[in-house]
Structure formats: structure tokens, C-alpha cells
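Report on the structure given below.
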Amino acid sequence: MTPPLADRTQICPEALDEAKRSQALAAYDVDSLRGEAALKQITDFAAHLCGVPVGIVSILDTDHQTFLARTGVPEGPEPPREHSFCGHAMWGDGLMVVPDATADPRFATNPLVTGDMNLRFYAGAPLISDDGFPMGSLCVLDTVPHPEGLTALQREGLTVLAANVLARLRDSRDIAARRASVRRARTAAADSETRFRVLADTMPQMVWSTLPDGFHDYYNARWYAFTGVPEGSTDGEAWNGMFHPDDQARAWAAWRRSLETGEPYDIEYRLRHHAGGYRWVLGRALPIRDARGAITRWFGTCTDIHEQKSTLEQREIVSQELSHRIKNIFSVVAGLVHLTGRTHPELAGLLGELRQRITALGRAHDFVRPHSEQSRPTLRQDSLHGLLGELFSPYQLPGSERIRITGDDVTVDDRAATPLALIFHELATNASKYGALSVPDGHIALTIATEASDVVLHWCERGGPPLSGSPAQAGFGSQLIEMSAARQLGGSVVRDWPAAGLEVTARVPQVAFSR
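Residues in the sequence shown are numbered from 494 upward in steps of one, following the working numbering.
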């Protein structure tokens, strides 16, 4: 039925497999072209060009043929595939012309020739896809023979018209591919949306999302179960009305800042609960960005932290109460030492120094201990500058900063506060007795610098009595400084006694200041 493959240079070898040819043909939206006006114009012109009454665009699948356009043939069923002349024409490289079908052994007994159609003349240009699969032909027919066949102009015209049919077929394939891509994208999007909603609704947190401008357009089932509001009632900006009145301005300001900067949204607020009242939740949101970095959506969660918040508040109250009692203990111990000094005058000097040390420890503890809003210091409680400023306040004079603290600030906690208080209380006390603070014009500069993993604190006294070298023997205060710096902070202390005044350099690992 078909010529040898070697004679069909446009046709790919896989085309001989009818299943693969049918699969390739399925990529074209053939049904959308049936009866198309543009194809009808082609068959009209082809018939007129060749001087015949019939023109057809025929597509042949595995078991049937389809007339996409017809001229001179009434509407009705197409002839069976096995009777089709086009089934022969589509396998050729060029036009197939049959001047008289009754004289051609291939077609003399064909029902289209011997039957009512009385087909005698046939000329068909093959329709071969870009990837080499025969699809059918553009053909012209007549019921009388044409011994002369087609003129050169008619052959060229029929070939050009066949190329136009192929262009329309390519368009249908591209359209079909785009439609399939859209369908796949919609299906994938629907599947993704379904998976997201199933995942979001099974999460223990409330999940929500917004458009890039912050318009809330989605909440999961957990949100509506928690709040008890009707679905969709908190879309847009209505979400802020679900917060405690005291938290609304703060939450809205934080959300607006995130929208303006793209920074993550992270805030604790009280959210209205369906049972009445409000519960503390942790609200968080992150932006989703496209390849250019533009925000395409925000996804957020609300996590119920009411029990944890209540527990922490109770612990904070207990901690404040314990710390307050410890502060009172320092006061009681200092008072006992003072009373002991009054009953033992011979120990008054020693006991006075002890009481001052206890008072310094109490001041350090009071600075770093847990506080209520009413009792909290004005300075940051984790600030080394703040702690030292509190310790040195008794030594300062109104309008005169006799001990000046400069340099880096370091985070400090309650564990480091005790040895630091002992070290600098001893230095300040000695300076007030024997050094720079013992005279009106004396002053001290304390410089703090971070060097690699260490913190270096340099104490420099100036304007005091001139020194004549180091003391012959280290006193208890010096031993206390050494013990505090080395054993408790893991650092070291170096003293120098130039004539201008004492200089002390303490080097302490930075990790010793804060857990």
C-alpha cells in the first residue's frame, strides 16, 4: 500500500508505527478545524485552480479519515479509511496524481471508483508534520478522467495550498498545547490549593495569608474555630478588630512596618476567643518573594500561648518576690554588721568595710534582679555601663562625674554582677581612702574595650596623692579583687603604680559576663 521508506525522505522511520503516528496526530486539535472557513477557502480555490468539482482536506487516523474541509461533496459520513486515496498520497514526497483510476491497478476495484461516487481523477498533496509524521492530504477529485494530469502551475498551486493547510494545523497544535498547559497549570494549582488547605486545616496553629499589600484573604479552619466568627468576616482589615483594644494600635503599627520593609512580623497580642474574653497568641508572618525579590504573598500563623504566658507571669511574680526578699536579706545582714560594730568598738573599722562590701553586693543584686514595671531601673539591666554607674553613684558629686565610664558596653547578667561589684567596690573604696578620690580634684577614668574574645577594663586614677611605688604587702582588698577576677570570672588583673596614680587592667573572657 505504501512506497519503500527510502523513497519518502520527509517521513521519519517511526511513522511506520501506526500507534506512534496516531499519538503524534493527537497533538493537533483536529476537531477544532472541522468546517473552518479558512480551510474551506483553500478547498474552494484548489478545486477552481485544478478545474475540478471537488476539493478536500482529509486527515487519516489509524482506523478512520476525517474531512476537515470539503468543496463539492455533500455533508455526511466520510468513506472508510481502507478505501481512501489519501492513505496512499500522504506517504509520498510530492503530489500523487491518478489521471484515470480505472486504469490504475491500485484503485481499479476501489468502491469509490466502482460505486456511486464514480471517482476517476485524483490529485493529492501530502500533509506531513514537521517531525515527519504523515497526517493526510489536500486533494482534488473529478468523476471524469484527466489524461493530461495537472499543469505545472496547478501542481505548484496545490503544493502551496497544502503548505497553508499545514500552517493551520500547526496553529491548532500550538493552541492545543497552550490549552493543555493551561489545564495542567490549573489542575496543578487546584491540587496545590487542596493540599495547602488540607495541611493548613490540620495544623494546630491558626494560619492566614494576605496579598502583597496586606489584604487578608485566607484563614484556615482553626482560625474560625478559635474565634467563632463567620467565615470571611475578618477578611481585609477586619482582623485588627479581633484583638484586645489595648493591643490593636501596637499590632497594626507592627504589621504596617512589616509591609513597608518586608521584615518578618513577630508580635504577642490578645485575641478574642469564641468562649468570651481574650487569650494571648504569638503572631508571626513571613513574605513570599518571586525571582525578582518582589513580595507576592504573606503567610502567617497565630499560636495560642495563653497558658505559657500565664505560667511565665506567675514565675516572674515569684522571682520578683524572691529577689526582693534577697535584697532585704542584704539590708538585714548589713544592719547586723553595723550593730555588731557598735557593741564592739574595737572592730568598728573592719566591720564598716564589711558592711560597705555587703551594701555594694546588694546594690549590684538590686540592679540585675527581676523587677516589676514600677521598680525597674531606668538603665538597661543587662548593661555593664549601667551596673558600674549604679555602683559608683555614692562616689560621684553633684555636677561632677569623678568616675567616668567610657568605651564599649557589654551585656552582663546576675552571675557576673557579684564579682564585678566586689572588684570595683574595692577599687573605688581604696581610691576614696588613699587615691584619686581622697582629694577634691582627683578623678578616675574607667575604659572598657572588647578585644577578640576578651573584655579589657582599664582603671586609671589621676589627680590624687603621688605614689612612691607598689605597696610592700597585698592587703585583703587586693586578694578579694584577685579572687573575684580569676576564680569567679576566669580572668586576670595587672596593677601598675606610676607616680601619677594607680592603674589597674582587668582582662576577662567575654563569655563570663553573660550566660
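Yeah, the Cβ is synthetic: ideal placement off N, Cα and C, and Gly gets one too.
Quick caveat: nothing in here was measured; it's all calculated off a predicted structure.
Burial state of residue i, where buried means 16 or more other Cβ atoms lie within 10 Å
i       : result
Thr794  : buried
Ala616  : buried
Gly548  : buried
Val932  : exposed
Ala618  : buried
Asp510  : exposed
Arg679  : exposed
Pro506  : exposed
Val1004 : exposed
Trp952  : buried
Pro496  : For Pro496, the predicted model reports a pLDDT of 43, less than 50, meaning its position is unreliable; a value from the coordinates is still stated below. Per the 10 Å Cβ criterion, exposed.
Leu950  : buried
Thr720  : buried
Trp990  : exposed
Ala999  : buried
Distance, residue j Cα to residue i Cα
i       : j      : result
Asn923  : Leu995 : 10 Å
Ser977  : Leu775 : 42 Å
Gln741  : Leu764 : 10 Å
Ser963  : Tyr758 : 59 Å
Ala1023 : Pro705 : Beyond the ends of the chain as shown, which are 494 and 1008, falls residue 1023; an answer cannot be given.
Trp791  : Arg743 : 19 Å
Gln981  : Leu915 : 11 Å
Arg777  : Ile760 : 7 Å
Met735  : Tyr717 : 12 Å
Leu960  : Tyr888 : 21 Å
Gly770  : Thr796 : 17 Å
Gln558  : Gly528 : 15 Å
Arg772  : Asn733 : 15 Å
Gly709  : Trp748 : The question names Gly, but residue 709 in the sequence shown is His. C-alpha separation (whole angstroms): 12 Å.
Pro573  : Ala673 : 30 Å
Ser893  : Asp934 : 10 Å
Arg677  : Ile668 : 14 Å
Val861  : Val722 : Model confidence at Val861 stands at a pLDDT of 48, short of 50, so the residue's coordinates are unreliable; what they give is reported in the following sentence. Distance between the alpha carbons of Val861 and Val722: 45 Å.
His997  : Arg908 : For the record, residue 997 in the displayed sequence is Val; it is not His. One C-alpha to the other measures close to 23 Å.
Ala945  : Gly729 : 51 Å
Phe578  : Arg671 : 33 Å
Ala530  : Leu518 : 22 Å
Residue j beta carbon less than 7 Å from that of residue i
i      : j      : result
Ala520 : Arg613 : no
Ile781 : Thr789 : yes
Leu620 : Val658 : yes
Gly439 : Met583 : Past the boundaries of the shown model lies residue 439; the chain is included only from 494 to 1008, so the question cannot be answered.
Asp947 : Pro912 : no
Asp906 : Ser876 : no
Asn611 : Thr595 : no
Leu920 : Ile898 : no
Val550 : Ala562 : yes
Pro570 : Pro640 : no
Leu553 : Gly580 : yes
Thr555 : Ser515 : yes
Backbone secondary structure at residue i - three-state DSSP
i       : result
Cys543  : helix
Leu913  : helix
His864  : Residue confidence for His864 is low, a pLDDT of 44 falling below 50, so the modelled location carries little weight; the figure read from the coordinates is stated next. Coil, per DSSP.
Ser515  : helix
Ser803  : helix
Arg599  : coil
Val903  : coil
Ile552  : strand
Ala1010 : No statement about residue 1010 is possible, as the shown extent of the chain runs from 494 to 1008 and does not include it.
Ala594  : helix
Pro1002 : strand
Trp990  : coil
Gln972  : helix
Gly776  : strand
Gly580  : helix
His817  : Unreliable placement is indicated for His817, whose pLDDT of 49 sits below 50; the coordinate value is still reported in the next sentence. Three-state DSSP puts His817 in a helix.
Glu575  : helix
Pro887  : helix
Gly629  : strand
Ser946  : coil
Residues bridged to residue i [DSSP beta-bridge criterion]
i      : result
Arg980 : BP columns for Arg980 are empty, so no partner.
Trp952 : Leu939, Val997
Asp635 : Phe614
Ser696 : According to the sequence displayed, residue 696 carries Met and not Ser. Beta-bridge pairing links Met696 to no other residue.
Ile781 : Arg790
Arg897 : Ala938
Gln558 : Leu553
Asp797 : Val774
Ile668 : Its beta-bridge partners do not exist; DSSP assigns none.
Leu764 : Phe736, Arg772
is_contact[residue i, chain C] using C-beta, thresh 7 Å
i      : result
Asp597 : Included in the structure is just one protein chain, with no chain C present.
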